[in-house]
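Trainee:
Number of protein chains: 4
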Amino acid sequence: MIPPTNAPVADPLLAAVRCGVSVYDLGRPLSVGMPQSPNHPAYWHSLPRRHGDMVRSDGGSAANDMITMGTHVGTHIDALAHVSHHGRLYGGADAVEAGRGGRYVELGAHTIAPMVRRGVLLDVPRALSAGEGCPAGYEITPDDLAATEAAQDTPIGAGDIVLVRSGWGRFFDHADRTVYVGLTSGVPGVGEAGAVWLADHGVHAVGADTIAFECLRPGAGHSVLPAHRVLLVERGVYIIEAMALEELAAAGVHEFTLVLAPLPLFGATGSPVRPLAVVGNG
Amino acid sequence: MIPPTNAPVADPLLAAVRCGVSVYDLGRPLSVGMPQSPNHPAYWHSLPRRHGDMVRSDGGSAANDMITMGTHVGTHIDALAHVSHHGRLYGGADAVEAGRGGRYVELGAHTIAPMVRRGVLLDVPRALSAGEGCPAGYEITPDDLAATEAAQDTPIGAGDIVLVRSGWGRFFDHADRTVYVGLTSGVPGVGEAGAVWLADHGVHAVGADTIAFECLRPGAGHSVLPAHRVLLVERGVYIIEAMALEELAAAGVHEFTLVLAPLPLFGATGSPVRPLAVVGNG
Amino acid sequence: MIPPTNAPVADPLLAAVRCGVSVYDLGRPLSVGMPQSPNHPAYWHSLPRRHGDMVRSDGGSAANDMITMGTHVGTHIDALAHVSHHGRLYGGADAVEAGRGGRYVELGAHTIAPMVRRGVLLDVPRALSAGEGCPAGYEITPDDLAATEAAQDTPIGAGDIVLVRSGWGRFFDHADRTVYVGLTSGVPGVGEAGAVWLADHGVHAVGADTIAFECLRPGAGHSVLPAHRVLLVERGVYIIEAMALEELAAAGVHEFTLVLAPLPLFGATGSPVRPLAVVGNG
Amino acid sequence: MIPPTNAPVADPLLAAVRCGVSVYDLGRPLSVGMPQSPNHPAYWHSLPRRHGDMVRSDGGSAANDMITMGTHVGTHIDALAHVSHHGRLYGGADAVEAGRGGRYVELGAHTIAPMVRRGVLLDVPRALSAGEGCPAGYEITPDDLAATEAAQDTPIGAGDIVLVRSGWGRFFDHADRTVYVGLTSGVPGVGEAGAVWLADHGVHAVGADTIAFECLRPGAGHSVLPAHRVLLVERGVYIIEAMALEELAAAGVHEFTLVLAPLPLFGATGSPVRPLAVVGNG
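Written out as structure tokens, the structure is:
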């Protein structure tokens, strides 16, 4: 029998995988006490059964888990049902009616198709020579996005997934859990104009290394979320938040295959995810 | 500017993606009331905030979620920490000590590396001409596995992920939620011998369309789980359960790129997942 | 110093307590796997931290809990907000508007005042010589209630809390968890006419030893709940369910002080409770 | 028929109740966002079903709840299983062994008998002329307790439940949720010596208006908990925390019947409670 690894492979995708790939993990570990918005149920984990609690007749033992959480905690994706404006969801549906029954049947997390698409990392602080990252409250403008795109030579195409690095992700593991959330300090990010710029490029989804894909002004908190409105309500572009982009940026990888498979939580407004940036070694 | 879709792509993986891919979704939707083992906390979802509950000054409104669940519900992967035998985990660590602190630091779900690997579907009922599926309680033997591998001409290689279809997945949506779990009827699946056969091929992970990767005899329930012991404890092979394999089988796709990114739930014994089978259209 | 136990006590209540009281526990233990309606999130408990997980510098260690549950599981009380009819709550408020914001501010569980009131046990099977209990699906009629009241010589007064024993509570610990819930068999209980009879006596609250204060016909499940409508929506009478009445009945105690303090769960539709029947030993 | 309210009542307790009672609610409302220790799963509530979601054939509709929480949140009682010292629980049992199986069978919350007992409020700030309350970090000493007992003329007896008011409860509703918890500021309370003094009086349970029945020094947090050790581990005295004592104190009620019925959460280390102080109007 010819060893399978030498067999000719008709599928070009599988052939590329066979040649070796580098996988960058863009998801944050979910752990009790991690920084998150107080607007959402906190992530908690416990082991109802541990090894040693109950041993089967054959010497076997199984441990298991109990989890409680919101869906907008940790690295996660927003379903289109997450935000409405003046009572309307993306596509115009009545937002109150859409939630009748306690789940969003039409635009819930279960309707997000798995993504296997070209991904682009816009490493804004690197292109702008902003050191470790953009300052708190800094608004990443269309000019910043265009300059980064050009500096990297990674033109954004329709259907792409664009990840905007602000550098704020370095605070995710800060001892003071409130620093990353930044409700008082503010957080850098794309504002309304940048969201329009991205949507005008026809992107399928956008991501950021911050808790919200927004520019949060110091002290303003989450009072208004214009980028969410533009992307989720007006343009139907998914948002991925609290991504881990440092390793990818350090490796200088600006273009890749992004694979993302949200949990199909029926009727939910979002899902925790572990997005992958994959590069063929070919 | 040259349109990105025409740009030459050095990355063979991305080039293959650019040529188009077919994505098969192997994850079941997570919904309240779906069949699951009573040994694990049931999946529940609720919307603490719906649209219309609170409207921001600019007309915006956000809805959000509250989830509670075990990690071995819906389509999920078992971490190596899930099962122990005679007090030992894979690698020999003391299973009780390993769980000290309420999380499995060494072999928990967060230690499962994302997978981008060759996947093989062993469509047993098709190869064995077993109609819609193997009967309740049927043990899929090494001979069955080898016959299926041969009939399909899909030799299993080291590092592959092998998905064994029994056909039982057609009951996932049965009106009687107890049918799929099959505690009284029994459930078809791979037994100890088949698990050894798979591990001997050097597979990285295995999957099934049943709630447990086991042959469950009628009335025996989950009293002993020999395939789990072989795979998780003795051989370090991950197990994926409650997969949706019907669409893939119907399409006759037996070889593909499998992408799986478990949630990095720190210290947990498993994670819900949405595995993807991806095929390049090349 | 005069020993406190001999001190004269001005408060007649405390004086009675000092003379000794018998306390009957009318609440069921809450444990994982107990029978409950599938319409509500199941009760689950886990220990995130156990002794030995983390020991403080002084040798101390604390264990703690994680709970998830509905509020209509175990022994519980229904807030008036639990049920509406034709879109109206008790008092006429619009039921949809009342829940805006994800909590019932006006008629939620937090609005149930603690109860220290005369309680009456109507031991129907005993008065009707129905052996261990009324048969499945049996409707306890106004005549049954009146006959029991008379046989016991416990006239019901305005403001009382009346507990109606059907005998069905003996199935709470049945090995088959579905027996107590009785969705297919039916469950005995007070129907619409009996609910009117009780409300006409001006009772403050009613209780039962069944999962619902209703007569459930075989196979009908919880499709319509007329006693709930009469009591909660039309008359403002609280309902206590899944009570443990066997010990009280066995002791032949038909009149007592009932103390009930629902958890003030802000905006919830009910609360788990542990009602007490207290009798002075005089 | 003689109206029940005029009927002679043989039960002195019920007779006292019939004469009228004043009920003081010593439990805090449970609401999302209330102050609590970060060591415990936060209280969260959601309505999976609201009125209007699903209307039955007869026009009826039921709303229901989903709760997740620790047991040491809101007003709660500590079971004896909550704390161990040098690996031993109250009575000497091995603390690790006692939790085998994920529940404390012997000393869990379900083993706390309902309480109908004499209660004494020691209003320390009033007796000590400490204005609104004891200062942050102040240790309430045995002398303080004795002075308060004497000033009030409420000698403490064996079997009593003694509630120690520090005045700190006025911060429970403070806009800054961290003030009540006081991890940095410190919190006033009974220390080791006071705990011994109380236990030496043979009390059955003690309570406080703070998140922990301890004197917390500024910045020390919950690093060591000597009063817990004395009471729970050495003396078998229950602890009630986060009580609402302001109304009772304002009314000048120092002696009463205390009724407390913890939820019988099988195997848990504590339970939320709504304790009542009841006074006969006699």
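Protein chains in written order, with UniProt numbering: chain G, 1 to 282; chain S, 1 to 282; chain X, 1 to 282; chain U, 1 to 282.
Note that CB positions come from ideal geometry on N, CA and C, so glycine has one too.
Please read these numbers as outputs of a predicted model, since none were measured by experiment.
Residues of chain S with CB closer than 7 Å to the CB of P35 of chain X, please, in chain order.
Mentor: Neighbours of P35 of chain X on chain S: none; closest Cβ ~12 Å, over 7 Å.
Trainee: Mind checking whether H68 of chain G and T210 of chain U have CB atoms under 9 Å apart?
Mentor: Here residue 68 of chain G turns out to be Thr, not His, going by the sequence shown. Their beta carbons are not under 9 Å apart, which means T68 of chain G does not touch T210 of chain U by this criterion.
Trainee: L276 of chain S by DSSP, collapsed to three states: which one?
Mentor: strand
Trainee: By DSSP, does V55 of chain X sit in helix, in strand, or in coil?
Mentor: coil
Trainee: Please list, in chain order, all residues of the same chain as residue 315 of chain X whose beta carbon is under 6 Å from its beta carbon, the five residues on each side excluded.
Mentor: There is no way to answer for residue 315 of chain X, as the model of chain X reaches only from 1 to 282.
Trainee: Let's test the definition: count the other Cβ atoms within 10 Å of the Cβ of T269 of chain X and tell me whether it reaches 16, buried, or not, exposed.
Mentor: buried
Trainee: Looking only at its own chain, which residues have a Cβ that is under 6 Å from the Cβ of R217 of chain X, when we skip the five neighbours before and after it?
Mentor: G137, G186
Trainee: Should T178 of chain G go down as buried or exposed, given a rule of 16 or more other Cβ atoms within 10 Å for buried?
Mentor: With fewer than 16 other Cβ atoms within 10 Å, it is exposed.
Trainee: Leaving out five residues on either side along the sequence, give the residues of the same chain with a beta carbon under 7 Å from the beta carbon of V253 of chain G.
Mentor: Y24, L121, A277, V279
Trainee: Can you check the stretch 175-218 of chain U for any beta strand (DSSP E) of at least 3 residues that lies completely inside it and give the ranges in chain order?
Mentor: 205-208
Trainee: What residues in the stretch 99-120 of chain G bring their beta carbon closer than 8 Å to a beta carbon of chain U?
Mentor: R100, G101, G102
Trainee: Using alpha carbons as the reference points, say which of U:V105, U:S46, U:S61, U:M115 lies closest to residue 306 of chain U.
Mentor: No answer is possible for residue 306 of chain U: the residues shown for chain U start at 1 and end at 282.
Trainee: Taking only beta carbons into account, state which residues of the stretch 177-203 of chain U come closer than 9 Å to chain S, listed in chain order.
Mentor: Against chain S - using a Cβ distance shorter than 9 Å - the stretch 177-203 of chain U contributes no residues.
Trainee: Decide yes or no for the touch test of the stretch 123-130 of chain U against the stretch 140-160 of chain U: beta carbon pairs closer than 8 Å, at least 3 of them.
Mentor: yes
Trainee: Are at least three pairs of beta-carbons, each pair with one atom in the stretch 220-234 of chain S and one in the stretch 223-241 of chain G, less than 8 Å apart?
Mentor: A contact is defined here as three or more CB-CB pairs under 8 Å, and the stretch 220-234 of chain S fails this definition with respect to the stretch 223-241 of chain G.
Trainee: In chain order, what residues of the same chain lie with their CB nearer than 6 Å to the CB of M243 of chain S, ignoring the 5 residues before and after it?
Mentor: L26, T75, G207, D209
Trainee: What is the residue span of the alpha helix (DSSP H) that A146 of chain U lies within?
Mentor: Under the DSSP assignment, A146 of chain U falls in the alpha helix (DSSP H) whose first and last residues are 142-152.
Trainee: Whose C-alpha, out of G:A212, G:D11, G:H201, is nearest the C-alpha of V17 of chain S?
Mentor: It is G:D11 whose Cα lies nearest to the Cα of V17 of chain S.
Trainee: In whole angstroms, what is the alpha-carbon distance linking A147 of chain G and V164 of chain S?
Mentor: So the two alpha carbons sit approximately 50 Å from each other.
Trainee: For H86 of chain X, does the count of other Cβ atoms within 10 angstroms reach 16, so buried, or fall short, so exposed?
Mentor: Burial state of H86 of chain X is exposed, judged by a 10 Å Cβ sphere holding fewer than 16 other Cβ atoms.
Trainee: Residue range of the alpha helix (DSSP H) that V105 of chain X falls in?
Mentor: Note, V105 of chain X: premise wrong, no alpha helix (DSSP H); not H, not E.
Trainee: Please classify F172 of chain G: does DSSP put it in a helix, a strand, or coil?
Mentor: coil
Trainee: Report yes if the CB atom of L61 of chain G is closer than 9 Å to the CB atom of S223 of chain S, and no otherwise.
Mentor: Looking at the sequence shown, residue 61 of chain G is not Leu but Ser. Not a contact, by the Cβ cut-off of 9 Å.
Trainee: Leaving out five residues on either side along the sequence, give the residues of the same chain with a beta carbon under 7 Å from the beta carbon of Y90 of chain G.
Mentor: Excluding sequence neighbours, Y90 of chain G sits near L80, L107, L232, V233, G236.
Trainee: According to DSSP, is L47 of chain G helix, strand or coil?
Mentor: In this structure, DSSP gives L47 of chain G an extended state, which the three-state scheme calls strand.
Trainee: How far does the beta strand (DSSP E) with A62 of chain X in it reach, from first residue to last?
Mentor: 60-62
Trainee: Give me, in chain order, the residues of the same chain whose beta-carbon lies closer than 8 Å to that of V190 of chain U; leave out the 5 immediate sequence neighbours on both sides.
Mentor: E139, I140, L145, V164, L198, V206, A208, F213, E214, C215, A227
Trainee: In angstroms, rounded to a whole number, what distance separates the CA positions of E246 of chain U and G169 of chain U?
Mentor: 7 Å
Trainee: With DSSP as the reference, label T111 of chain U as helix, strand or coil.
Mentor: helix
Trainee: Determine which residues of the stretch 261-275 of chain X have a Cβ less than 7 Å from any Cβ of chain S, and write them out in chain order.
Mentor: Hits within the stretch: zero.
Trainee: Kindly indicate if chain X contains any beta-carbon less than 9 Å away from that of I67 of chain U.
Mentor: yes
Trainee: Classify A113 of chain X as buried or exposed, calling it buried when 16 or more other Cβ atoms lie within 10 Å of its own Cβ.
Mentor: exposed
Trainee: Nearest to A15 of chain G by alpha carbon, out of S:E255, S:S271, S:L47, S:P275?
Mentor: S:E255
Trainee: Enumerate in chain order the residues of its own chain whose CB-to-CB distance from E132 of chain U is below 8 Å, with the five nearest sequence positions on each side excluded.
Mentor: P125, G167, R170, listed in sequence order.
Trainee: Relative to chain X, which residues along the stretch 207-220 of chain U have a C-beta separation below 8 Å, given in chain order?
Mentor: none
Trainee: Comparing the C-beta of H51 of chain U with each C-beta of chain S, is any distance below 9 Å?
Mentor: no
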